[in-house]
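A.B. asks: Under the numbering used here, the first residue of the sequence shown is numbered 299, with each subsequent residue one higher.
Ideal placement from N, C-alpha and C gives every residue a C-beta, glycine not left out.
Small disclaimer: the values here were computed from a predicted structure and weren't measured.
This is the structure I want to talk about, given as structure tokens.
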Amino acid sequence: MRTLVPELVAEFFGTLVLILFGNGVVAMVVLFGTGTPGEVVHGGFTNITLGWGLAVTMGCYVAGRISGAHINPAVTVALAVYRDFPWRKVGPYIGAQVLGAFLAAALVYWNYAPAFRAVDPQLDHTAGVFTTFPAFPNEPGAGLLDQTIGTALLVFLVLAIIDERNQPPGSNLTPVLIGAVVVAIGMSFGGMHGYAINPARDFGPRLFTAVAGFKNNGLTDGSKIFWIPIVGPILGGVLGAAAYDFGLRRFLPAPPKAQSSG
Numbered sequence: 299m300r301t302l303v304p305e306l307v308a309e310f311f312g313t314l315v316l317i318l319f320g321n322g323v324v325a326m327v328v329l330f331g332t333g334t335p336g337e338v339v340h341g342g343f344t345n346i347t348l349g350w351g352l353a354v355t356m357g358c359y360v361a362g363r364i365s366g367a368h369i370n371p372a373v374t375v376a377l378a379v380y381r382d383f384p385w386r387k388v389g390p391y392i393g394a395q396v397l398g399a400f401l402a403a404a405l406v407y408w409n410y411a412p413a414f415r416a417v418d419p420q421l422d423h424t425a426g427v428f429t430t431f432p433a434f435p436n437e438p439g440a441g442l443l444d445q446t447i448g449t450a451l452l453v454f455l456v457l458a459i460i461d462e463r464n465q466p467p468g469s470n471l472t473p474v475l476i477g478a479v480v481v482a483i484g485m486s487f488g489g490m491h492g493y494a495i496n497p498a499r500d501f502g503p504r505l506f507t508a509v510a511g512f513k514n515n516g517l518t519d520g521s522k523i524f525w526i527p528i529v530g531p532i533l534g535g536v537l538g539a540a541a542y543d544f545g546l547r548r549f550l551p552a553p554p555k556a557q558s559s560g
């Protein structure tokens with residue numbers, strides 16, 4: 299376990315940074331808009347998608363060198379299934395990711411507490427600053443499909459970007475491209491369930507909203523929709539990795555072996 303500590307710390311801080319910027323941009327849009335309190339206005343969804351993309355980029359830069367910057371349980375599980383990532387590390391990685399996301403949500407709430415008191419003093423309807431909700435609550439299958447497709451795209455494209463067989467960018471540019479992927483997914487698949495595409499990103503902050511007393515938290519309010527952004531992304535990540543490996547990677551030439559200098 300001691301050898302895992304640096305990796306877990308990296309995953310914790312990478313996810314912390316991801317959620318600080320991600321939840322932060324949603325708080326800015328929701329709490330400082332000019333329309334009905336709680337509405338997404340004043341730059342709206344464009345701001346949110348760009349902010350989340352940059353959040354992913356920054357989180358990847360934080361954790362990349364030490365842990366590989368999974369910062370997403372769906373990525374961790376997909377790499378365990380298809381890239382020989384050790385299964386013994388999967389649980390600890392996910393724990394560090396969820397903990398980082400929970401603490402980041404708490405910090406965002408602490409920072410914006412006066413605005414929450416002004417916009418939603420009873421914490422009735424602003425949990426969406428932190429976590430995701432379905433556009434069609436009575437059709438859970440629609441949200442599940444959306445999360446599965448969005449995360450499949452994410453993992454498929456991440457594997458394409460980092461694959462040494464596929465003319466990858468320099469490692470210092472990789473986080474920028476992964477952030478761009480998240481922007482594209484948000485703009486194209488963001489409506490049905492808020493494009494969580496990351497169980498830690500959704501569940502950590504959702505757990506915080508339940509602890510903090512937000513009434514519409516999706517966990518203790520009777521709606522029980524919390525499982526959708528967990529199951530969908532895990533399933534989508536595995537499917538996206540399978541699509542990349544069996545649909546594309548097998549046609550790519552193996553990278554040349556490094557020649558010995560001795």
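1. Would you mind stating whether ALA478 and GLY351 have Cβ atoms separated by less than 9 Å?
2. I need the straight-line Cα distance from ASP543 to THR449, nearest angstrom please.
3. Decide if the segment 454–463 is in contact with the segment 527–547; the criterion is three or more beta carbon pairs, one per stretch, under 8 Å apart.
4. Classify ILE526 as helix, strand or coil using the three-state DSSP reduction.
5. Within 10 Å of its beta-carbon, does ASP418 have 16 or more other beta-carbons around it, so buried, or fewer, so exposed?
6. If you check the beta carbons only, do ALA308 and ALA378 fall under 9 Å apart?
7. Taking all protein chains shown into account, do 16 or more other C-beta atoms lie within 10 angstroms of the C-beta of GLN420, making it buried, or fewer, making it exposed?
8. Could you check what DSSP says for ASP500 in three-state terms: helix, strand or coil?
9. Below 9 Å between beta carbons: does that hold for VAL453 and VAL354?
10. Excluding the 5 residues flanking ARG548 on each side, which residues of the same chain have their C-beta closer than 8 Å to its C-beta?
11. Taking the straight line between their C-alpha atoms, what separation do you get for GLY530 and GLY393?
12. Consult DSSP for THR355 and reduce its assignment to one of helix, strand or coil.
13. Can you list, in chain order, the residues of its chain whose CB lies under 6 Å from that of GLY357, leaving out five sequence neighbours each side?
14. Measuring straight from C-alpha to C-alpha, what distance separates GLY322 and ALA552?
15. For ALA361, which residues from the same chain have a beta carbon less than 7 Å from its beta carbon, with the 5 sequence-adjacent residues on both sides left out?
16. Taking all protein chains shown into account, decide if GLN445 is buried (16 or more other Cβ within 10 angstroms of its Cβ) or exposed.
17. Taking 9 Å as the threshold (beta carbon to beta carbon), is ALA402 in contact with chain D?
18. So, does the segment 464–475 touch the segment 516–523, judging by three or more C-beta pairs under 8 Å?
19. Residues in the same chain with beta-carbon distance under 7 Å from ALA325, minus the five sequence neighbours each way, listed in chain order, please.
20. Considering MET326, what are the terminal residues of the alpha helix (DSSP H) in which it resides?
21. So is LYS387 buried or exposed if we call it buried at 16+ other beta carbons inside 10 Å?
22. Can you tell me which of ARG381, PRO497, PHE434 and GLU437 puts its alpha carbon nearest to the alpha carbon of ASP461?
C.D. replies: Looking at the coordinates:
1. yes
2. Roughly 16 Å between the two C-alpha positions.
3. yes
4. helix
5. With at least 16 other beta carbons inside 10 angstroms of its own, ASP418 counts as buried.
6. no
7. The residue is exposed, with fewer than 16 neighbouring Cβ atoms inside 10 Å.
8. helix
9. no
10. none
11. 18 Å
12. helix
13. Only GLY312, VAL315, LEU316 and ILE369 meet the Cβ criterion.
14. 42 Å
15. ALA308, GLU309, PHE311, GLY312, ALA367 and ILE369
16. buried
17. Absence of chain D from the displayed structure is noted, only one protein chain being present.
18. no
19. VAL406, TYR410 and VAL427
20. 303–329
21. buried
22. ARG381
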